[in-house]
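In UniProt numbering, the protein residues as written are 1 to 899.
Report on the structure given below.
Here it is, written out as structure tokens:
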């Protein structure tokens, strides 16, 4: 058995970070990092072939690794050839890579590699469409039906034998396996229809058997995340529940109880379902670490066909604000989850008060008038290492405690002069959570929901377990910081003889280079180091959302990490790479010039224009194409031109040619003009190499060697180009990996963390992408909301599978002044839904500051009197990963205007 990976080993961490630059992450990457020979081989190849700069997605990264490892025996030269062909995307499947390895191994070691022969052997460039597959399948079945009937006695042929036969057809050698399977099934169902109908119930039965719980089959649990178009390329979000820690939890009803009647009452209320809850305190915005808890709490319930509460733990009126309630609900729903119902700890204040009286009557609590300093001293002092002792108030008579507690309730004591404490085991138990915890304290601050009804409030330690019990939570899931609390949790439930949920702890998620402390973020905001709590350089969820990170990418990232009791200390590089891998297959591609350089095509007449079709995504043809104009005036990236050529430089320079992406002919630089003040090139005069316009004809071999660059062109009728007022690029906010541990975290701020480019230009297809993105987002948000609402009604109406929320809690909406509404779809959609890949630049999203220029309802540009403000883009992530540390990254990439 291989040794356990030490994620804190600097050498292992360095290798994993390097692997992440080619999107090679997860368990397989970690396993490979443990193998010195393979790790060294792959690391050397990444550096020598500059693979980290190639912008490889997860699939390409895995294929490159297969080529490096599988081609080890080929020798350095041929392995290098194999890696380059894989890096280019020409070997785009595992089958092609393996075939290439076999082909290269079969050659005479001294013989040169023939590109055309290699391409033919490996199917490079061969595309077999689904329609072609269907036609070949139809021909095969038509020509062989008599033989198939004879062989199978007229019965429906076996699908596996059919697929084997289809795969042996030369024309289908490089066809997609799923296309072959679909075509084979289609032919079987068409020619053997009766057998197909007979087979259908079996198939349905098998599918039903694999369904984890009844709620998923009956319209879906309201805790279920909504699938995204890119879910097929993301990590399987159910893996965390089928493997490891969360796959081994108890079934509902198996957790021990004081009496069998408590178990029976619980199962009667829940109907044997899993019930979980996400219980945030409404005193701040959620951060990246909370996304793991949300995914686990809601996801575990959904996976088992259960239900999940969103419960606001509002027991501290001094710290709570109404805006946080709405923000937390929007965050949960934005991540793809729908609460079964929204509750508040304050819903249960009366029940908790009655349980406190019951506890006193049982001799389990006492009113204490000790000061905070005296209580600390009783617990062994500030460091808790001294001698512990009982409070002098601990052994008061029960009747006296009842009178004193009622006096607290009646407002006869000021804040800090009386508390209700649990009568646990302060002397004999080494667990600090058993040292007579405070259950109630006096607070005069009015509560946002109950007003001035109460002047005593229960503490977290008293509230949490008892509300879990009232809500019949089957699995109380929390982070490992509450491990010691499990004993007091169970003690209190038993002390008042109520149903006892089972608490489980998982390791929290920490991201290196970030600050999540509310107190410290407040200092950043108030000190002007960041603009607000949703500044995209922060890792609050609202900041991550504003940056443009899709919720599906976050869930994919969390799922890939897995769940255990160990704390997940993850690099920002890995988080970004997970986002990058998700976006690669889920965002359209547009051409955007970040730092425009004007180019005039000298041999092209004024008014000349051609319209070029460009796919929105080369691998997703169903997304369609957009049309962009090419005219006499073109803009390219400043960095794509040099005044001095170099043998290792392949873009535009004096006398040199480059291709314009998708344009019919390349351009050649004839001359350039320089601003005498700045020394910067401001204009290039070039020739468009169309022979019909006087351009020079270039041989095919020369065209293949050209570099191709992105561009936009000026054409007013097409509204081209679209001017971007600000394109913001974010770098790490801190120069150290663990700013939270620094005594002066403000001194660790990266002064170059925000890079702003004014005047970027983007192709006119941007508006079409925006309209489609927001149209889809609004449709999906509305459907989700209505489906969740209908499911809550279904579960609570008379007859059928009735589940009742606790008394006083509505299953449809929460109650109380300022309460958030779960039946509104608006909060799920913002301008950040407009995401795209700016080719060769990065992934971008529209910022909320663009509301004056873009309608969030339609995605259309505001015109006339309605148009105001700027069009602002945020870079979500770069196109390629880099293992550079935070301090160096901010300086190495920072160009343009710094703020």
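Backbone N, C-alpha and C define an ideal beta-carbon position, used for all residues, glycine too.
Is the stretch 736-756 in contact with the stretch 826-843, if contact means three or more CB pairs nearer than 8 Å?
no
Does the stretch 306-314 come within contact of the stretch 324-336, defined as at least 3 CB pairs closer than 8 Å?
yes
By DSSP, does residue 344 sit in helix, in strand, or in coil?
Numbered from its first residue, the chain shown carries residue 344 at position 344. Reduced to three states, the DSSP call for residue 344 is strand.
What is the DSSP secondary structure of residue 455, counted as helix, strand or coil?
As a working note, residue 455 is residue 455 in the chain shown. Residue 455: coil per DSSP, three-state reduction.
Would you report the Cα separation of residue 11 and residue 510, rounded to the nearest angstrom?
As a first step, residue 11 must be located in the chain shown, where it is residue number 11. As a first step, residue 510 must be located in the chain shown, where it is residue number 510. Looking at the two C-alpha atoms, the distance is approximately 20 Å.
Just to confirm, are residue 553 and residue 515 a CB contact at a threshold of 8 Å?
Counting from 1 along the chain shown, the entry for residue 553 is found at position 553. Counting from 1 along the chain shown, the entry for residue 515 is found at position 515. Going by C-beta atoms, residue 553 is not nearer than 8 Å to residue 515.
With respect to the alpha helix (DSSP H) encompassing residue 349, which residues constitute its N-terminal and C-terminal limits?
Against the chain shown, residue 349 aligns to sequence position 349. 349-361 is the span of the alpha helix (DSSP H), which, as asked, contains residue 349.
Environment of residue 544 [buried if 16+ CB atoms lie within 10 Å]
Counting from one through the chain shown, the residue named residue 544 turns up at place 544. Result: buried.
Considering Cα atoms alone, identify which of 192, 164, 171, 181 is closest to residue 154.
The count along the chain shown starts at 1 and reaches residue 154 at position 154. Per the C-alpha coordinates, the member of 192, 164, 171, 181 positioned closest to residue 154 is 192.
What does the Cβ neighbour count give for residue 610, buried or exposed, with the cut at 16 atoms within 10 Å?
Start at 1 with the first residue of the chain shown, and residue 610 comes out as number 610. Its Cβ having fewer than 16 others within 10 Å, residue 610 is exposed.
Verify whether the separation of the beta carbon atoms of residue 466 and residue 492 is less than 8 Å.
If you number the chain shown from 1, residue 466 lands on position 466. If you number the chain shown from 1, residue 492 lands on position 492. Cβ distance < 8 Å, so residue 466 and residue 492 count as in contact.
Identify whether residue 504 lies in helix, strand or coil by the three-state DSSP scheme.
As a first step, residue 504 is located in the chain shown; it is residue number 504 there, counting from the start. Reduced to three states, the DSSP call for residue 504 is strand.
Using DSSP bridges, identify the partner residues of residue 709.
Within the chain shown, numbered from 1, the residue matching residue 709 stands at position 709. Answer by DSSP bridge pairing, in chain order: 660.
Give me the Cα-Cα distance between residue 840 and residue 88, rounded to the nearest whole angstrom.
Counting from 1 along the chain shown, the entry for residue 840 is found at position 840. Counting from 1 along the chain shown, the entry for residue 88 is found at position 88. Roughly 15 Å between the two C-alpha positions.
Kindly give me the distance between the Cβ atoms of residue 666 and residue 698, rounded to whole angstroms, as I take these residues to be in contact under 8 Å.
Sequence index remark: in the chain shown, residue 666 carries index 666 (1-based). Sequence index remark: in the chain shown, residue 698 carries index 698 (1-based). Confirmed, Cβ separation roughly 7 Å.
Exposed or buried, residue 901, counting other C-beta atoms within 10 Å across all chains shown (16 or more means buried)?
The chain is shown from 1 up to 899; residue 901 falls before or after that span and cannot be answered.
DSSP beta-bridge partners for residue 781?
As a working note, residue 781 is residue 781 in the chain shown. BP columns for residue 781 are empty, so no partner.
So does the stretch 102-111 actually touch the stretch 135-145, counting three or more Cβ pairs closer than 8 Å?
The answer is no - the stretch 135-145 does not touch the stretch 102-111, with fewer than three Cβ pairs under 8 Å.
What residue ranges within the stretch 378-443 form continuous alpha helix (DSSP H) runs of no fewer than 4 residues, ordered along the chain?
398-409
Coil, strand or helix - residue 16 by DSSP
Along the chain shown, read from residue 1 onward, the residue named residue 16 stands at position 16. Note: residue 16 maps to helix in three-state DSSP.
Simplified DSSP state of residue 176, which is helix, strand or coil:
In the chain shown, residue 176 corresponds to position 176, counting from 1. Note: residue 176 maps to coil in three-state DSSP.
Which residues bound the alpha helix (DSSP H) around residue 144?
Translated into the one-based positions of the chain shown, residue 144 becomes position 144. That run of the alpha helix (DSSP H) goes 130-152.
List the whole-angstrom C-beta distance separating residue 344 from residue 314, where the pair is believed to meet the contact cut-off of C-beta under 8 Å.
Translated into the one-based positions of the chain shown, residue 344 becomes position 344. Translated into the one-based positions of the chain shown, residue 314 becomes position 314. About 5 Å; that satisfies the 8 Å criterion.
Determine the direct distance from the alpha carbon of residue 577 to that of residue 880, and round the result to whole angstroms.
What you label residue 880 is simply residue 880 of the chain shown in a count that begins at 1. What you label residue 577 is simply residue 577 of the chain shown in a count that begins at 1. Those two C-alpha atoms are separated by around 8 Å.
Grab the span of the beta strand (DSSP E) containing residue 630 for me, first residue to last.
As a position in the chain shown, residue 630 is number 630, starting the count at 1. Note, residue 630: beta strand (DSSP E), 625-631.
Using only alpha-carbon positions, find the residue among 263, 278, 122 that is nearest to residue 272.
Taking the chain shown and counting its residues from 1, one reaches residue 272 at position 272. Selected option, being the one with the closest Cα: 263.
Spatial neighbours of residue 16 within its chain, please: CB distance less than 7 Å, with the 5 preceding and 5 following residues excluded, ordered by chain position.
Taking the chain shown and counting its residues from 1, one reaches residue 16 at position 16. So the list reads 29, 30, 33, once near-sequence residues are dropped.
Residue 99 versus residue 118 - alpha carbon distance:
Residue numbering aside, residue 99 sits at position 99 when the chain shown is read from its first letter. Residue numbering aside, residue 118 sits at position 118 when the chain shown is read from its first letter. One C-alpha to the other measures close to 10 Å.
Using 8 Å as the Cβ pair cut-off and three pairs as the minimum, do the stretch 603-621 and the stretch 742-749 touch?
no
Limits of the alpha helix (DSSP H) - the one that residue 119 falls within
Working through the chain shown from its first residue, we reach residue 119 at position 119. Note, residue 119: alpha helix (DSSP H), 115-122.
Out of 241, 749, 320, point me to the one whose CA is closest to residue 911's CA.
One cannot answer for residue 911 here, as it falls past the ends of the chain, which runs 1 to 899.
Is the beta carbon of residue 84 closer than 8 Å to that of residue 49?
Counting from 1 along the chain shown, the entry for residue 49 is found at position 49. Counting from 1 along the chain shown, the entry for residue 84 is found at position 84. Yes, these two residues count as a Cβ contact at 8 Å.
Close-in-space but distant-in-sequence residues of the same chain around residue 526 (CB under 8 Å, 5 per side omitted)
If you number the chain shown from 1, residue 526 lands on position 526. Answer for residue 526: no residue qualifies.
Where does residue 592 fall in DSSP's three states?
The residue labelled residue 592 in the question sits at position 592 within the chain shown. Reduced to three states, the DSSP call for residue 592 is strand.
Cβ-Cβ separation, residue 726 to residue 877 (assumed contact under 8 Å), whole Å:
For this step, residue 877 is matched to residue 877 along the chain shown. For this step, residue 726 is matched to residue 726 along the chain shown. Distance from residue 877 to residue 726 at the Cβ level is roughly 18 Å; contact not present, criterion being Cβ atoms closer than 8 Å.
My parser needs the beta strand (DSSP E) runs of 3 or more residues fully inside the stretch 669-718; what are they?
Complete beta strand (DSSP E) runs here, min 3: 681-688.
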